[in-house]
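A.B. asks:
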Amino acid sequence: MNDILTGIGLVFGVRQIGMMFLGAMIGIIVGAIPGLTGTMAIALVLPITLYVSPWLGIPLILAIYKASTWAGSVGSILLNTPGNAACAAMALDGYPLKQEGKGLKALKATLLSGVLADFLSDIIAILVCAPLASIALMFGPPEFMLLVVMALMVIATVGSGNFFKSIIAAAFGLFLALVGLDPVLGSPRLTFGMYQLMDGIRLVPLLIGSFAFSEMIQRMADMREDAAAVRATIDRSRQRENNTLSIKEFFSHAGAIIRSTLIGTGIGILPGIGSGVSPWVAYSASKRASKRPEEYGKGSLEGLMSAQAGANSVSGANLIPLLTLGIPGDTVAAMLIGTLVAHGINPGPLIFERSPEVIYAIYATLIICDAVYLLVGWVTCHTVGHITMVKNSLLVPFVTVLCVVGTYAYNRSFFDVMVMFVFGIIGCGMKRTGTNIPIFVIAFILGSIFETNLRQSLVLYDGNLLGIFGRPICMLLGAVLAAVVVRKLVLYCRGKVNEKTGK
Amino acid sequence: MKKNTDFKYSLVCILFSLVFLVWLIPAYTPKSTIKGDLASAVLPNIMMGIILICGVVMLVKSLLTPKGEEGAQKADAVRPGRLAAVLILLLAYLLALNYVGFYVTTAAALPLALRYFNPGLRWWRIACGTAVLLVFVFLLFELGLAVKMPRGVLL
Chain A
905 MNDILTGIGL VFGVRQIGMM FLGAMIGIIV GAIPGLTGTM AIALVLPITL
955 YVSPWLGIPL ILAIYKASTW AGSVGSILLN TPGNAACAAM ALDGYPLKQE
1005 GKGLKALKAT LLSGVLADFL SDIIAILVCA PLASIALMFG PPEFMLLVVM
1055 ALMVIATVGS GNFFKSIIAA AFGLFLALVG LDPVLGSPRL TFGMYQLMDG
1105 IRLVPLLIGS FAFSEMIQRM ADMREDAAAV RATIDRSRQR ENNTLSIKEF
1155 FSHAGAIIRS TLIGTGIGIL PGIGSGVSPW VAYSASKRAS KRPEEYGKGS
1205 LEGLMSAQAG ANSVSGANLI PLLTLGIPGD TVAAMLIGTL VAHGINPGPL
1255 IFERSPEVIY AIYATLIICD AVYLLVGWVT CHTVGHITMV KNSLLVPFVT
1305 VLCVVGTYAY NRSFFDVMVM FVFGIIGCGM KRTGTNIPIF VIAFILGSIF
1355 ETNLRQSLVL YDGNLLGIFG RPICMLLGAV LAAVVVRKLV LYCRGKVNEK
1405 TGK
Chain B
9 MKKNTDFKYS LVCILFSLVF LVWLIPAYTP KSTIKGDLAS AVLPNIMMGI
59 ILICGVVMLV KSLLTPKGEE GAQKADAVRP GRLAAVLILL LAYLLALNYV
109 GFYVTTAAAL PLALRYFNPG LRWWRIACGT AVLLVFVFLL FELGLAVKMP
159 RGVLL
C-alpha cells in the first residue's frame, strides 16, 4: 500500500499535472495538423525530459501520445485528410458526419470513445503487468535473447510493409546497436577511429533524425510553393443534437467501444504493430457485429467511435511489454525507455521488486492523463479546426530548427547533430522505399540486450546454443517463433498460388 | 515504378553489405581471445549477411517480376535535384552553426527559408517569427535548462 501511495504521490503534484496539460495541448496541436504526428513531437521534447525529473518528463510524453492519437482524427473528420494510415479509418464515417452538419458531434464522439478506450486499456495493462512480470522473473539470458528475436520477427511478419525490407530494417538496427565498445573485450568496434562513437550511437539523435528531421527533409523536397491552407471549420448546426452527444447515444454504442478496446489492447501488446492496424481491425469487427452495417461508411457514429476506440486502446497495451520485459512495443515506448534509462530507471521485471513505486507512478500517470486530455479536448473541440489551417510551409523551417536545438541540447555535442542529419537522410530514404522505421528503431534499442544475452547464453552452454531449447520457456518461445515463420511462409505460398490461378 | 525502386533498393543493400563484410568489419572489429565467447565480428557479420541475403532475394524477385506489375508510385516521385539542394543547404546550415554560432546562423537562415517557402509572407512577419523562435530557445534552453547553444568557434 505504501508503494502505491508513494507512486501516486510522485505524479499527483501541481507541476506534474501541469506537464500533463502542456502535453495534452502539444498533442492536440501536433495531432490536428495534417502531416505532423505525436511521435515527432515526442522525439522533439525527449531531450528536454532528460533535464527534468522523470515524473515531469514521463507525464509529458504520455499526455502528448494520448492526446495526439485523438487529435489525429480532427483532420480526418473536418478535412477528410487523415494525418496517417490509422486516422484514415476515422475519415470513413467522420467526414460524412461533418458534411451532414454534425462535425462537432463527431469530434466529441471520438474524444469520449477514445478516452474510454484509453482508460479501459490502461486498467487491463495494470491488471496484466504484475502477473506477467512474475513470469518474466523466471527468464534468463536465453529467454531474453529468444524474446528479442521473436519480437522482431512478429513485427516483420505481421506489421505493415514488405517482409524483406522489414528484415533488412531490423538487421540494420541491430547492426547499428553493435557500434561502440565490445561489451566483453572493452575494445572499440566499428567506431572507425572516432572517439565520439565509443559509447555507441546515441538514441536521441537517431530518434529525432529518423522521425522528425527526415520528415522535414521530405517536406522541404516535396513542398509545392503554391499549396494553400484548407480552412477546416466546424459549422455549428442550429439543431442542438447535431452539436452534442447525448448520454443515451454514447451508451448505446458502449458495446462496440468495449469490443474495439479489447481488439486494440490485444493488438497493442504485440510489439511493433499497434496503432496503424488496430482502428481498421476494430472498425471491421464492429461492422460485422453491427445491427446496421449498411450505415458504415456513410456517417455511422458507431463506426467512427469503434475506429477511434481501436486507435486509442493501443497506448496502455503498448506499455505491457515495456514494463514487464523491458522490450518496447512501439516507437513511443522506445522513447519512454530513453527517458527512463537516462534517469537510472531500467524497465523490466526486476523493477516490480526493486522499485514498485515507479510502476505505480506510471499507472497513475496513465489514468490521470486520460482525464486531462478529456478535459483539454472537450474545451478545445470547438476551435481545434483552426489549428489545421497552419500551413506546412510555415511549420517546416521552425520544426527543422527545433530538431537541431533538441539534438544539441541532449548532450551539447555537435557530433550528435551530424548523427541526426545522417539519420535524417536514412529515415527519408526508408520512408521513400517503404521500409519500416519503427522496427529499425526497436531493433536498435534491443540490439545491446540481444547481444549481451546471446553471449551470456553461449558462455552458459559452452558455445552450444541448441542447448537452450532444453529450457521450458525457451521451447515455448521457439515454438511461437517457428509458428510465426511457418505462418508467413504459408501465407506467402498461398498468395503465389492465388496469383497463378488468377484469384 | 515499383520494380525500379525495389531493384535499386536491393542493389544498394547488396553493395552496402558487401562493403562492410569485405572491408569495414574485418578492419574495425577487435579479435577475441576469450575461450567460448562469440568473436566480436560475428554478430556484425551475421547482420550484414542477413541484409545481403535479403538484398539478393529482392533483386531476384524484382528481375523476375513481369513488367506489367509496376506499382502506382508516381505520386511519390522524387525530385532528386531539389532533394540534393535541400540536403546541401541543411548541411551548410549545420556546419555554419558550429563555426558561426546558433543565433547568428538561424537569424540568417530561417528568414530566407520562410521567404522561399512562403513567397507572399511579409518580411515583418518573418522577422517576428524568427525573433519569437530565438527568444523561445534562449528562454527555455539557456535560462531554463542551462544549455548554452553553440556560440561558434570562429566568433
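In the order they appear, the protein sequences are chains A and B. Residue numbers for the first sequence follow the numbering used here, so the first one is 905 and each next one is one higher. Residue numbers for the second sequence follow the numbering used here, so the first one is 9 and each next one is one higher. Where is the CB? At the ideal position from N, CA and C, for every residue including glycine.
Using 8 Å as the threshold, is the segment 1029-1041 of chain A in touch with the segment 1232-1243 of chain A, meaning 3 or more CB pairs across them?
C.D. replies: At 8 Å Cβ cutoff, the stretches do not touch.
A.B. asks: In angstroms, rounded to a whole number, what distance separates the CA positions of G1252/A and V1053/A?
C.D. replies: Distance between the alpha carbons of G1252/A and V1053/A is about 17 Å.
A.B. asks: Per DSSP, R1093/A is paired with what?
C.D. replies: Answer is G1084/A.
A.B. asks: Pair every Cβ in the segment 156-163 of chain B with every Cβ in the segment 1336-1345 of chain A, then say whether three or more of these pairs are closer than 8 Å.
C.D. replies: No, the segment 156-163 of chain B is not in contact with the segment 1336-1345 of chain A.
A.B. asks: If you measure beta-carbon to beta-carbon, which residues of the segment 9-29 of chain B are closer than 7 Å to chain E?
C.D. replies: No chain E is part of this structure, whose protein chains are labelled A and B.
A.B. asks: Go ahead and label K1195/A buried or exposed: buried means 16 or more other beta carbons lie within 10 angstroms of its beta carbon, across all protein chains shown.
C.D. replies: It is exposed - the Cβ of K1195/A has fewer than 16 other Cβ atoms within 10 Å.
A.B. asks: In terms of residues, what are the limits of the alpha helix (DSSP H) holding A1116/A?
C.D. replies: It is not in any alpha helix (DSSP H) - A1116/A carries neither H nor E in the DSSP assignment.
A.B. asks: In whole angstroms, what is the alpha-carbon distance linking I59/B and L1107/A?
C.D. replies: In a straight line, the C-alpha of I59/B is about 22 Å away from that of L1107/A.
A.B. asks: In its own chain, which residues sit with a C-beta less than 6 Å from the C-beta of L954/A, not counting the 5 before and 5 after it?
C.D. replies: Hits under 6 Å: A1246.
A.B. asks: In chain A, what lies closer than 9 Å to R87/B by C-beta?
C.D. replies: The answer, in chain order, is A1125, D1126.
A.B. asks: Could you pull out every unbroken alpha helix (DSSP H) segment of at least 4 residues lying fully inside the segment 1249-1300 of chain A, listed in chain order?
C.D. replies: Listed in chain order, the complete alpha helix (DSSP H) runs (minimum 4 residues) inside the segment 1249-1300 of chain A are 1255-1258, 1260-1284, 1288-1291.
A.B. asks: Drop a sphere of 10 angstroms on the beta-carbon of R1391/A, count the other beta-carbons inside from all chains shown, and report buried for 16 or more, exposed for fewer.
C.D. replies: Classification for R1391/A: exposed.
A.B. asks: With a 10 Å radius around its C-beta and 16 neighbouring C-beta atoms as the bar for buried, classify A1347/A as buried or exposed.
C.D. replies: A1347/A is buried by the Cβ-count criterion.
A.B. asks: For the segment 955-966 of chain A, list every residue whose C-beta sits within 9 Å of some C-beta in chain B, in sequence order.
C.D. replies: Taking 9 Å as the Cβ-Cβ cut-off against chain B, the residues of the segment 955-966 of chain A that qualify are Y955, V956.
A.B. asks: In terms of residue numbering, what span does the alpha helix (DSSP H) encompassing Y1099/A cover?
C.D. replies: Y1099/A -> no alpha helix (DSSP H), and no H or E assigned at all.
A.B. asks: Taking the alpha carbon of E1199/A as the reference point, which residue from S980/A, G1382/A, L1001/A, R1398/A has its own alpha carbon closest?
C.D. replies: For E1199/A, the nearest C-alpha among the options comes from L1001/A.
A.B. asks: What does P1301/A reach in chain B if we use C-beta pairs closer than 8 Å?
C.D. replies: Here the neighbours are L118, A121, L122, F125.
A.B. asks: Pick out whichever of H1286/A, Q1122/A, Q920/A, I1343/A has its Cα sitting closest to the Cα of L91/B.
C.D. replies: Comparing Cα positions, the closest option is Q1122/A.
A.B. asks: Would you tell me roughly how many angstroms separate the C-alpha atoms of W1418/A and G1168/A, rounded to the nearest one?
C.D. replies: Coverage of chain A is limited to positions 905 through 1407, which leaves residue 1418/A absent and any answer about it impossible.
A.B. asks: With three or more beta-carbon pairs closer than 8 Å as the criterion, would you say the segment 1320-1335 of chain A touches the segment 1095-1113 of chain A?
C.D. replies: These segments touch.
A.B. asks: Could you tell me the alpha carbon to alpha carbon distance between R900/A and F1327/A, rounded to whole angstroms?
C.D. replies: What the structure shows of chain A is the stretch from 905 to 1407, and residue 900/A is not part of that stretch, so it cannot be assessed.
A.B. asks: With DSSP as the reference, label F1340/A as helix, strand or coil.
C.D. replies: Looking at the sequence provided, one finds Asn at residue 1340/A rather than Phe. Three-state DSSP puts N1340/A in coil, outside helix and strand.
A.B. asks: Drop a sphere of 10 angstroms on the beta-carbon of G128/B, count the other beta-carbons inside from all chains shown, and report buried for 16 or more, exposed for fewer.
C.D. replies: Its Cβ having fewer than 16 others within 10 Å, G128/B is exposed.
A.B. asks: Mind listing the chain B neighbours of I1329/A? Cutoff is C-beta to C-beta under 9 Å, in chain order.
C.D. replies: Within 9 Å Cβ-Cβ: L95.
A.B. asks: Near L1364/A, which residues of its chain fall below 7 Å by C-beta distance, leaving aside the five closest residues on each side in sequence?
C.D. replies: Once the five neighbours on either side are set aside, the close Cβ partners of L1364/A are P1045.
A.B. asks: What does A1075/A touch in chain B if you count any residue whose Cβ is under 7 Å from its own?
C.D. replies: Ordered by position in chain B, the residues that pass the 7 Å Cβ test against A1075/A are M55, I58, I59.
A.B. asks: Are the beta-carbon atoms of S1114/A and I1330/A separated by less than 8 Å?
C.D. replies: Contact: yes.
A.B. asks: So which residues of chain A does T114/B contact, with C-beta pairs closer than 8 Å?
C.D. replies: Neighbours of T114/B on chain A, chain order: V1305.
A.B. asks: Output the boundary residues of the alpha helix (DSSP H) element that contains K1009/A.
C.D. replies: Looking at the DSSP string, the run of the alpha helix (DSSP H) that includes K1009/A is 1007-1040.
A.B. asks: Along the alpha helix (DSSP H) that carries N1222/A, what are the first and last residues, could you check?
C.D. replies: Run containing N1222/A: 1218-1229, per the alpha helix (DSSP H) assignment.
A.B. asks: Sorry if obvious, but does the Cβ on F1076/A come closer than 7 Å to a heavy atom of the ligand ADP?
C.D. replies: This structure simply doesn't include the ligand ADP, nor any ligand for that matter.
A.B. asks: Excluding five sequence neighbours on each side, which residues of the same chain lie with their C-beta closer than 8 Å to the C-beta of C21/B?
C.D. replies: Same-chain partners within the cutoff: I59, L60, C62, G63, M66.
A.B. asks: What residues of chain A sit near P38/B, judged by a beta carbon separation below 8 Å?
C.D. replies: Those are D1086, L1089, S1091, P1092, R1093, listed as they occur along chain A.
A.B. asks: Against S70/B, what residues of chain A qualify as contacts under a CB-to-CB distance less than 8 Å, listed in chain order?
C.D. replies: Result: empty, since nearest Cβ-Cβ is about 11 Å, beyond 8 Å.
A.B. asks: Could you tell me the distance, in whole angstroms, from the CA atom of I1030/A to the CA atom of G1104/A?
C.D. replies: So the alpha carbons of these two residues sit roughly 34 Å apart.
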